[in-house]
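> Got a structure for you, questions after.
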Amino acid sequence: MICNNKECAKEFDAKTHNQKYCCDECCRVATNRRIMEKYYEKKAIKNGAFRGCKSCGSKLSRYNKSEVCAVCEKNINAMSKKNILGMINEIS
Ligand SMILES: [Zn+2]
Ligand SMILES: [Zn+2]
4 MICNNKECAK
14 EFDAKTHNQK
24 YCCDECCRVA
34 TNRRIMEKYY
44 EKKAIKNGAF
54 RGCKSCGSKL
64 SRYNKSEVCA
74 VCEKNINAMS
84 KKNILGMINE
94 IS
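If you read the sequence shown in the numbering used here, its first letter stands for residue 4, the second for the next number, and so on.
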């Protein structure tokens with residue numbers, strides 16, 4: 004058997020058929036690394052994989068720095084422009 008810990012990869016005599024590591028330390032190191040890999044995977048998903056538009060809930064591009072999608076942003080801009088125009092009309 005060869006130790007499943009990549010940094011060790013030492014040949015050893017397995018006492019049981021499912022023994023994957025030469026020693027407890029290698030087992031611990033390898034298990035910790037697996038946990039960390041899972042953690043970073045989850046973190047990556049959280050950071051970039053999915054952000055929803057605050058207005059319609061559709062997926063936002065990773066490059067979109069605003070909280071709403073391009074379509075909603077356009078609608079919001081059009082609406083606020085109308086509001087401003089309306090206000091100006093009211094005044095004059
Ligand atoms: Zn080992
Ligand atoms: Zn939207």
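Yeah, the Cβ is synthetic: ideal placement off N, Cα and C, and Gly gets one too.
Distance check for Asn7 and Ile56, CA to CA, integer angstroms please.
Taking the first residue of the sequence shown as 1, we reach residue 56 at position 53. Taking the first residue of the sequence shown as 1, we reach residue 7 at position 4. Checking the sequence shown, residue 56 turns out to be Cys, not Ile. Taking the straight line joining both Cα atoms gives about 44 angstroms.
> Quick one: grab the DSSP three-state call for Glu14.
Indexing the sequence shown from 1 puts residue 14 at position 11. Strand.
> With C-beta atoms as the reference, is Met4 less than 8 angstroms away from Ala17?
Within the sequence shown, residue 4 is the residue found at index 1, counting from 1. Within the sequence shown, residue 17 is the residue found at index 14, counting from 1. Cβ atoms of Met4 and Ala17: closer than 8 angstroms.
> From what residue to what residue does the alpha helix (DSSP H) around Ser83 run?
Indexing the sequence shown from 1 puts residue 83 at position 80. That run of the alpha helix (DSSP H) goes 73-94.
> Quick one: measure Cβ to Cβ for Ser58 and Cys75, integer angstroms, because I've assumed they're closer than 8 angstroms.
What you label residue 58 is simply residue 55 of the sequence shown in a count that begins at 1. What you label residue 75 is simply residue 72 of the sequence shown in a count that begins at 1. That belief holds up - the Cβ atoms of Ser58 and Cys75 are roughly 4 angstroms apart, short of 8 angstroms.
> Say yes only if the C-beta of Cys72 is nearer than 7 angstroms to one or more non-hydrogen atoms of ligand 1, and no if none qualify.
Along the sequence shown, one-based indexing puts residue 72 at 69. Incorrect: Cys72 has no Cβ contact closer than 7 angstroms to ligand 1.
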